[in-house]
Amino acid sequence: MVKVTYRQPDGSEQTLEGKPGDSVMQLAIGAGVPGIVAECGGSMACATCHVYVDDAWTEKTDTRSESEEDMLDCAMAEMKDSSRLSCQLRLTEALDGLVVHIPEEQF
Ligand code: FES
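Going by this note's numbering, the sequence shown opens with residue 3, and the numbers climb by one from there.
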């Protein structure tokens with residue numbers, strides 16, 4: 003199993019466990035993590051699943067596609083180097099312990 007910690011703007015955290023291949027969004031939706039709405043269900047058409055990957059993990063995640071960047075441009079919160087659509091971020095064993103931050107603007 004792969005552990006992912008979701009950190010809220012107020013500093014509170016929720017750690018969940020998923021299987022390799024699951025998306026960071028699916029895991030969050032399954033547990034009702036606040037701030038991740040995922041209106042489009044993962045088809046890269048809404049940007050309501052935007053997260054910031056913690057600095058300690060940005061090197062370990064894969065790179066964003068051009069279409070992901072285009073959608074992130076429309077997100078409510080500012081796009082940063084660490085921005086990802088959590089529906090496009092898939093769990094791998096190498097990401098065990100991943101930490102993502104939920105943008106304040108998504109509330
Ligand atoms: S769930 Fe809509 S873009 Fe990720």
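Just so you know, even glycine gets a beta-carbon here, dropped at the ideal spot from N, CA and C.
What three-state label does DSSP hand Ser-25 in the structure shown?
Start at 1 with the first residue of the sequence shown, and residue 25 comes out as number 23. In this structure, Ser-25 counts as strand in the three-state DSSP scheme.
Would you be able to state if there are at least three C-beta pairs under 8 Å between the segment 77-91 and the segment 42-57?
yes
Rounded to the nearest angstrom, what separates Leu-18 and Pro-105 at their Cα positions?
For this step, residue 18 is matched to residue 16 along the sequence shown. For this step, residue 105 is matched to residue 103 along the sequence shown. Roughly 18 Å separates the two Cα atoms.
Can you pull the DSSP bridge partners for Val-4?
Translated into positions along the sequence shown, residue 4 becomes position 2. According to DSSP, Val-4 bridges with Gly-20.
Ala-39 and Tyr-8 closer than 8 Å at C-beta:
Walking along the sequence shown from the start, residue 39 turns up at place 37. Walking along the sequence shown from the start, residue 8 turns up at place 6. Here residue 39 is Val; the residue named in the question, Ala, does not match the sequence. No; because the gap between Cβ atoms is not below 8 Å, this pair is not in contact.
Taking the beta carbon of Gly-37 as the centre, do at least 16 other beta carbons fall within 10 Å, making it buried, or is it exposed?
Translated into positions along the sequence shown, residue 37 becomes position 35. Counting Cβ neighbours within 10 Å, Gly-37 comes out buried, since at least 16 surround it.
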